[in-house]
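Worksheet for the structure shown next.
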Amino acid sequence: MTENEYAYEIIDNETDARHCAQLIAEEFSAHNPMTYFDQITPTCFFHETSWPLMKDMFPEYLSFLVRHRSTGEIIGALIAGDLYLQHEKRQLCDTSNRLHAIPLDNLLVEMDNLFISRDFRQELKLNMVLHIEICAIRMQHSGKGLGHQMVKAVCDHARNKKGFQYVLVQVTNDATRHIFK
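Going by the working numbering, the sequence shown opens with residue 27, and the numbers climb by one from there.
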């Protein structure tokens, strides 16, 4: 892999956003132990998780993709947003009694709430905590450091353009834990 072989870009249009949500659904259904065990199909994951998340966070321009320069193919995607805005939306919608079709989503929402109410120990403010919700790289491109570089690009952008100070990531796959160290 050469450094210029891949481009790291903000997801800034609905076509790319939809393609990235589909990529995430396919990779999570096939390779994430929890979704694989629950036999979650790519279609279900797309409609219940990746596309709703992408639609919700897309307007913040904090989600990124990895594009192979020579082919133009999108081979990785990351959905991220402002934890403050997410928390505010959840409180306004009062989704506390709503169960997701995918059990993993319920667990992650609960973990986010515990982080905010118990672990963070300060008032949550706008543009303070970047929340990386989900990240995936096509399996045939894994092992090249692309996930780590995408996370670095997202964090640099969030810090330099919007003043974010912290990042929150809930990792559900040991194979990807190293990306966030």
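Backbone N, C-alpha and C define an ideal beta-carbon position, used for all residues, glycine too.
First and last residue of the uninterrupted alpha helix (DSSP H) at His57: 40-57
Local Cβ density within 10 Å of Asn58, reported as buried at 16 or more and exposed below that: buried
Closest residue to Leu49 among His174, Leu104, Val155, Asp108 (Cα-Cα distance): Leu104
Cβ distance (whole Å) where Gly107 is taken to contact Glu159 below 8 Å: 7 Å
Identified DSSP bridge partners for Ala33: Arg93
Cβ neighbour criterion (16 or more within 10 Å) applied to Met109: According to the sequence provided, residue 109 is Leu. The question's Met does not apply to it. It is buried - the Cβ of Leu109 has at least 16 other Cβ atoms within 10 Å.
Segment contact, 8 Å Cβ cut-off, at least three pairs: the segment 152-166 with the segment 183-197: yes
Cut-off 7 Å between Cβ atoms - residues of its own chain near Cys46, not counting five sequence neighbours on either side: Ile37, Met80, Leu91, Ile100, Ala103
7 Å Cβ cutoff met for Ala51 and Ser89: no
For Gly98, three-class secondary structure by DSSP: coil
Rounded C-alpha distance that separates Met83 from Leu111: 9 Å
N-terminal and C-terminal residue of the alpha helix (DSSP H) that Leu79 is part of: 77-83
Residues near Thr61 in its chain [Cβ-Cβ closer than 6 Å; skip 5 each side]: Phe54, Ser55
Nearest-angstrom Cα separation, counted from Phe63 out to His73: 19 Å
Simplified DSSP state of Glu159, which is helix, strand or coil: strand
First through last residue of the alpha helix (DSSP H) which encompasses Leu172: 172-188
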